[in-house]
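Chemist: I'd like to ask some things about the structure below.
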Amino acid sequence: MNVIVCRARYFTIRRIWSCPTCKTRRRMVFHDEAWYGTTMTCCHCGDSWQDGELYPRPNQRDWRKEAAAKATAEWNAAGPYDRAAHRAWLAAETGADL
Ligand SMILES: [Zn+2]
11 MNVIVCRARY FTIRRIWSCP TCKTRRRMVF HDEAWYGTTM TCCHCGDSWQ DGELYPRPNQ
71 RDWRKEAAAK ATAEWNAAGP YDRAAHRAWL AAETGADL
């Protein structure tokens, strides 16, 4: 019998972080992806960065509002950072035995 385990492709971490666009500390949602590095999104301006590189901004009205709302929802859902859960996720994702 095959058991298929579904899990998130990334681990969500919430942090207060300095936003390069807002030029101040903001609530930021981090997505840690085992093989792709970390993406962060500002809950205020909606800009995203992958490993420090600014994501292309969508050419569409109200994208900032939508991106910020989505990031805020993820921030709220993420809860306080749980190092043990993060390590367990990373170990499962990479097959490493930490
Ligand atoms: Zn920002």
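Plus 10 on top of the position in the sequence shown (first one is 1) and you've got this note's numbering. Here a beta-carbon is modelled for each residue, glycine too, at the ideal position from N, C-alpha and C.
Less than 7 Å between the CB of histidine 54 and some heavy atom of ligand 1, yes or no?
Modeler: Because some heavy atom of ligand 1 lies under 7 Å away, the Cβ of histidine 54 counts as near it: yes.
Chemist: Starting from histidine 96, trace the alpha helix (DSSP H) both ways and give me its first and last residue.
Modeler: Histidine 96 -> alpha helix (DSSP H) spans 93 to 104.
Chemist: Grouping DSSP H, G and I as helix and E and B as strand, with all else coil, what is threonine 31?
Modeler: In the structure shown, threonine 31 sits in coil (DSSP, three-state: anything other than H, G, I, E or B).
Chemist: Below 8 Å between beta carbons: does that hold for histidine 96 and isoleucine 23?
Modeler: In this structure, isoleucine 23 lies closer than 8 Å to histidine 96 by Cβ.
Chemist: Which whole runs of the beta strand (DSSP E) in the segment 54 to 94 are 3 residues long or more, in chain order?
Modeler: Within the segment 54 to 94, the complete beta strand (DSSP E) runs of at least 3 residues are 58 to 60.
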